[in-house]
Structures are given as structure tokens and as C-alpha cells.
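Novice:
Number of protein chains: 2
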Amino acid sequence: MHPVVNLDAFASFCYPAIMSEEPTEEAVTAWARLIRAQRVLLGAVEAELKAAGLPPLGWYDVLLELVRAETPLRPLELEGRLLLAQHNVSRLLDRMEGAGLIARAPYAGDGRGHVVSVTPSGRAMQRRMWEVYGPAIQRHLGAPLGEGAGPLAALLGRLLP
Amino acid sequence: MHPVVNLDAFASFCYPAIMSEEPTEEAVTAWARLIRAQRVLLGAVEAELKAAGLPPLGWYDVLLELVRAETPLRPLELEGRLLLAQHNVSRLLDRMEGAGLIARAPYAGDGRGHVVSVTPSGRAMQRRMWEVYGPAIQRHLGAPLGEGAGPLAALLGRLLP
DNA sequence: TCCATATAGATGCATCTGCATTTAGAATCG
DNA sequence: CGATTCTAAATGCAGATGCATCTATATGGA
Numbered sequence: 017m018h019p020v021v022n023l024d025a026f027a028s029f030c031y032p033a034i035m036s037e038e039p040t041e042e043a044v045t046a047w048a049r050l051i052r053a054q055r056v057l058l059g060a061v062e063a064e065l066k067a068a069g070l071p072p073l074g075w076y077d078v079l080l081e082l083v084r085a086e087t088p089l090r091p092l093e094l095e096g097r098l099l100l101a102q103h104n105v106s107r108l109l110d111r112m113e114g115a116g117l118i119a120r121a122p123y124a125g126d127g128r129g130h131v132v133s134v135t136p137s138g139r140a141m142q143r144r145m146w147e148v149y150g151p152a153i154q155r156h157l158g159a160p161l162g163e164g165a166g167p168l169a170a171l172l173g174r175l176l177p
Numbered sequence: 017m018h019p020v021v022n023l024d025a026f027a028s029f030c031y032p033a034i035m036s037e038e039p040t041e042e043a044v045t046a047w048a049r050l051i052r053a054q055r056v057l058l059g060a061v062e063a064e065l066k067a068a069g070l071p072p073l074g075w076y077d078v079l080l081e082l083v084r085a086e087t088p089l090r091p092l093e094l095e096g097r098l099l100l101a102q103h104n105v106s107r108l109l110d111r112m113e114g115a116g117l118i119a120r121a122p123y124a125g126d127g128r129g130h131v132v133s134v135t136p137s138g139r140a141m142q143r144r145m146w147e148v149y150g151p152a153i154q155r156h157l158g159a160p161l162g163e164g165a166g167p168l169a170a171l172l173g174r175l176l177p
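The listed protein sequences correspond, in order, to chains B and R. When we follow the numbering used here, the leftmost residue of the first sequence carries the number 17, and every step to the right adds one. When we follow the numbering used here, the leftmost residue of the second sequence carries the number 17, and every step to the right adds one.
(1) Return the first residue and the last residue of the alpha helix (DSSP H) that B:Arg84 is part of.
(2) So, does the CB of B:Arg120 fall closer than 8 Å to a CB anywhere in chain R?
(3) If distances are taken between C-alpha atoms only, which option among R:Leu175, R:Glu64, R:Leu168 and R:Met141 comes closest to R:Val78?
(4) Hey, R:Ile51 and B:Gln154: beta-carbon distance below 8 Å or not?
(5) Is DSSP giving B:Gly138 helix, strand or coil here?
(6) Closer than 8 Å, CB to CB, is R:Gln54 near chain B or not?
(7) Let me know the secondary structure DSSP gives R:Leu168 once reduced to three states.
(8) What are the partner residues of B:Ile118, as DSSP defines its beta bridges?
(9) If you draw a straight line from the C-alpha of R:Leu171 to the C-alpha of R:Glu95, how long is it?
(10) Take the Cβ of R:His156 as the centre, count every other Cβ of all protein chains shown within 10 Å, and call the residue buried at 16 or more, exposed below.
(11) Do we get a CB-CB distance below 8 Å when we pair R:Thr45 with the residues of chain B?
(12) Going by DSSP, what residue range makes up the alpha helix (DSSP H) through R:Gly96?
(13) Using 8 Å as the threshold, is the C-beta distance between B:Arg120 and B:Val132 below it?
(14) Have a look at R:Ala124 and R:Leu117 and give me their C-alpha separation to the nearest angstrom.
(15) Taking just the CA atoms, how far does B:Trp47 sit from R:Glu38?
(16) If you run the structure through DSSP and keep just helix, strand and coil, what is R:Tyr123?
(17) Which residue from R:Val56, R:Glu41, R:Tyr76 and R:Ala67 puts its Cα closest to that of B:Arg182?
(18) With C-beta atoms as the reference, is R:Gly166 less than 8 Å away from B:Glu42?
(19) When you compare each of R:Arg111, R:Arg84, R:Pro88 and R:Leu89 to R:Gly74 by their alpha carbons, which one comes out closest?
(20) If we ignore side chains and look at the alpha-carbon of each, how far apart do B:Lys66 and R:Leu80 end up?
(21) With 16 other CB atoms within 10 Å as the buried threshold, where does R:Ala68 fall?
(22) Would you grab the beta carbon distance between R:Arg49 and B:Ala169 for me? Rounded to a whole angstrom, and I think it's under 8 Å.
(23) Rounding to the nearest angstrom, what Cα-Cα distance links B:Cys30 and R:His130 in this structure?
(24) Go through its chain and collect everything with a Cβ distance to B:Gln102's Cβ below 6 Å, but skip five positions before and after it.
(25) Taking its Cβ as the centre, do 16 or more other Cβ atoms sit within 10 Å of B:Ala159, making it buried, or is it exposed?
(26) Tell me whether R:Gly150 sits in a helix, a strand or coil according to DSSP, three-state version.
(27) CA-CA distance, R:Leu89 and B:Glu147?
(28) Can you tell me whether B:Leu82 is buried or exposed? The criterion is at least 16 other CB atoms within 10 Å of its CB, across all chains shown.
(29) Pull up the distance between the alpha-carbon of R:Pro151 and that of B:Thr45, whole angstroms please.
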């Protein structure tokens with residue numbers, strides 16, 4: 017799979033401890049396909065959203081968290097749920113606030129913090145985006161996998177905390 | 017899984033054709049975990065490379081393609097293999113050329129094109145990066161999956177062309 | 001041959017991300 | 001209390017990406 021594996025015999029002779037760190041060929045293939053599949057599918061879905069004149073998926077994630085929470089969230093909580101860096105959340109919220117999809121309000125319990133809530137327009141946008149997003153997931157992932165979706169989810173679950 | 021599924025009964029009554037486009041719950045879970053797992057693992061591996069003072073993974077991909085090809089490649093070929101946009105390849109090569117890892121030369125057969133080759137320094141960098149990259153793959157994907165790596169690769173393969 | 005069109009690659013500009021720093025408010029400990 | 005330290009969030013700046021456009025060369029037809 018990889019040029020370095022030509023050194024296997026040599027390395028396992030000299031550094032058996034290091035060799036235990038070498039990934040198996042299956043692991044390397046799975047890695048490559050994980051990276052590639054995510055990029056291809058995400059790109060395709062993003063392109064569908066853009067073609068429909070809708071905002072990028074990052075916006076959907078924020079809207080969905082806020083809709084599901086049914087209560088305003090602090091940026092800090094969004095940060096954790098969305099796995100985004102703090103400064104990144106800050107500016108994503110800037111843009112979404114500018115678009116009128118969310119609103120920031122001071123947080124009573126802590127003068128440093130805000131709470132973020134979804135506006136009616138944001139709720140509408142979340143639904144409009146799902147009308148494109150859901151079918152796109154089905155077409156790009158659900159359909160090709162069929163009954164394989166469950167097993168795939170299970171395997172991927174072992175990679176996540 | 018998703019708020020919109022509460023509308024299932026209504027929608028399947030009104031718009032059976034539309035409902036066939038709704039993803040199954042398993043598909044949505046697999047989708048979410050695919051996006052998330054890729055982000056988490058790639059982030060972790062990139063962080064290890066950075067901590068070792070090495071360039072980002074995109075550079076490794078270019079170096080590996082050039083090393084494996086054993087012959088200079090045209091930017092157009094890299095574009096296809098790496099699934100990158102043309103302008104993106106152009107600038108990635110700018111940076112790598114600036115770092116002395118690759119070299120561009122005119123392409124005899126077509127005055128518009130170049131060929132890109134890996135320099136000795138680029139070969140060395142590819143090997144140094146693999147020393148971090150390989151074990152990182154094993155630690156973040158190979159170890160948690162064990163024998164599951166093969167099945168995961170097979171399922172992901174169904175998502176790719 | 002010459003012009004229209006297509007293709008390889010580079011570049012300008014806006015957006016987005018990462019990193020470091022800053023600001024303002026909380027918490028801790030003397 | 002008051003000074004130090006810690007934390008939530010914002011911001012300045014550099015690096016990277018997407019998008020449109022531009023330049024130079026190739027190609028194909030009248």
C-alpha cells in the first residue's frame with residue numbers, strides 16, 4: 017500500500033516496537049476512504065444547497081441545535097456540540113445574526129456571556145434547508161448503502177468518543 | 017432523529033413521492049457520524065503533524081502521488097487524483113515549490129502545461145511525515161476498529177465512484 | 001490559413017479558518 | 001476587600017479556499 021512497507025523486514029528486525037505502530041493495510045484503506053468519502057459527499061451536498069440558494073451546512077447545524085434545544089444556548093455550548101473553535105463560532109454567529117436567523121441576548125447569570133436563540137426566520141430556514149439536505153443524504157448515502165447504513169454507523173461510532 | 021420525522025404520517029399521506037426521498041434514521045446517523053468522525057480524526061492527525069513541525073496533510077498527498085508515480089505529473093493529473101480544484105492545486109504547488117519540496121518544469125508536449133516532480137528534499141519530507149502519519153492512523157483508526165477496518169473500508173467503498 | 005473555440009494554468013478578490021491577543025467580567029486567595 | 005488569575009467572547013492578522021476571470025497555447029472548422 018505504502019512505499020514505507022518495503023522496509024518492513026528491515027524495520028521489524030531493528031525496531032520491533034516501532035513496527036507495532038505501523039497501520040495495517042486495511043486501516044490505511046479505511047482511512048483513505050473515510051477522508052475521501054466525507055469530502056466527496058459533503059461537497060456534493062453543499063453544492064446542492066448552494067444550487068438551491070441556501071446557506072452552507074454549518075448554518076444548518078447551528079439552527080438544528082437551537083431548534084432542538086428549545087431554549088437559547090450559549091456560544092460555549094454550541095462550540096462543544098458542533099466541534100468548532102471558539103473564535104469560529106463567534107464569527108459564524110456574526111454572519112447568521114446579520115442574516116436575521118439568530119439573535120444574541122445578554123446572559124443574566126454571567127455578564128461575559130450571551131445566549132443565542134433562533135428567530136422565526138431561522139426556524140423557517142432550517143426547514144427549507146432540510147427539504148434539500150434530507151433527500152441529498154438519502155440519495156448520496158442512504159441509497160448506495162441500503163441496509164449497510166446501520167453497520168456503517170456502528171463502525172463509525174467506535175471512532176468517536 | 018430529526019424534527020421533520022414527526023411529519024411522517026402527514027407527509028406520507030399527502031406526498032408519498034416526496035417521502036421516498038426522506039433518509040432513514042440509520043442513514044442520517046451514518047451521515048452525521050461520517051462527517052464527525054472524519055473531522056475529529058483528521059483534526060487529531062493534523063495536530064500531530066503540526067506538533068512535530070511538519071506540513072499539513074495536503075502536502076503529504078501531493079508528495080505521495082509524485083513518489084508513487086515515479087515520473088513527473090501534470091497539475092491536471094494531481095487535480096484528479098487529489099480531488100482538488102484547479103486553482104487550489106496551482107497554489108498548493110506554489111507553496112510546496114517555495115518550500116523546495118517539488119519543482120515545476122515546462123511540459124514539452126504542450127506549451128500550456130507543466131510537469132511537477134518531487135525533489136530529494138520532498139522525498140525525505142514524505143518519509144518523515146509518514147513516520148508521524150502512519151502511527152497516527154493506527155492509533156486513531158486501526159486500534160479502535162481492530163478487525164472492523166476491513167468492513168468499514170468496504171462500506172465506504174460503496175460511497176465512492 | 002485564419003478565426004472561433006476549448007483547454008492548462010495563474011491570479012484578483014471576497015470569504016473563511018486558524019492562531020494569538022485583547023477585553024470584560026467572574027472567581028479565588030491573600 | 002483588592003490583586004491575581006481564570007474564563008467567555010471578540011478581534012486583528014496571516015494562511016487557505018471558493019469563484020470568476022485572465023493569459024497563453026492548442027485545436028478544429030470554414
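The beta-carbon is built from N, C-alpha and C at its ideal position, and this holds for glycine as well.
Specialist: According to the structure shown:
(1) In this chain, the alpha helix (DSSP H) harbouring B:Arg84 covers Leu73 to Ala85.
(2) Not closer than 8 Å to any Cβ of chain R, the Cβ of B:Arg120 fails to qualify, so no.
(3) It is R:Met141 whose Cα lies nearest to the Cα of R:Val78.
(4) Result no, Cβ atoms of R:Ile51 and B:Gln154 do not sit closer than 8 Å.
(5) Here B:Gly138 sits in helix by DSSP.
(6) Closer than 8 Å to some Cβ of chain B, the Cβ of R:Gln54 qualifies, so yes.
(7) DSSP, read as helix, strand or coil, puts R:Leu168 in helix.
(8) Note: B:Ile118 sits in a beta bridge opposite B:Val134.
(9) Their backbone Cα atoms lie some 25 Å apart in a straight line.
(10) Around the C-beta of R:His156, 16 or more other C-beta atoms lie within 10 Å, and the residue is accordingly described as buried.
(11) Any Cβ of chain B closer than 8 Å to the Cβ of R:Thr45 would place that residue at the interface, and such an atom is present.
(12) From DSSP, the alpha helix (DSSP H) with R:Gly96 extends over Pro91 to Leu98.
(13) Yes, the Cβ-Cβ distance between B:Arg120 and B:Val132 is below 8 Å.
(14) Between R:Ala124 and R:Leu117, the alpha-carbon positions lie close to 22 Å from each other.
(15) About 29 Å.
(16) Annotated three-state conformation of R:Tyr123 is coil, per DSSP.
(17) As displayed, chain B neither begins before 17 nor continues past 177, which places residue 182 of chain B out of reach and without an answer.
(18) Yes. Within cutoff.
(19) When the alpha-carbon of R:Gly74 is set against those of R:Arg111, R:Arg84, R:Pro88 and R:Leu89, the nearest one is in R:Arg111.
(20) Roughly 33 Å between the two C-alpha positions.
(21) Classification for R:Ala68: exposed.
(22) The beta carbons of R:Arg49 and B:Ala169 sit about 6 Å from each other, so the pair counts as a contact at 8 Å.
(23) Per-residue confidence for B:Cys30 stands at a pLDDT of 40, beneath the threshold of 50, marking its modelled position as unreliable; the derived number appears in the next sentence. B:Cys30 and R:His130 have their C-alpha atoms roughly 42 Å apart.
(24) Cβ neighbours of B:Gln102 beyond the five flanking positions: Glu95.
(25) By the neighbour-count rule (16 or more Cβ atoms within 10 Å), B:Ala159 is not buried but exposed.
(26) In this structure, R:Gly150 counts as helix in the three-state DSSP scheme.
(27) Distance between the alpha carbons of R:Leu89 and B:Glu147: 42 Å.
(28) With 16 or more Cβ atoms within 10 Å of its Cβ, B:Leu82 is classed as buried.
(29) Roughly 14 Å separates the two Cα atoms.
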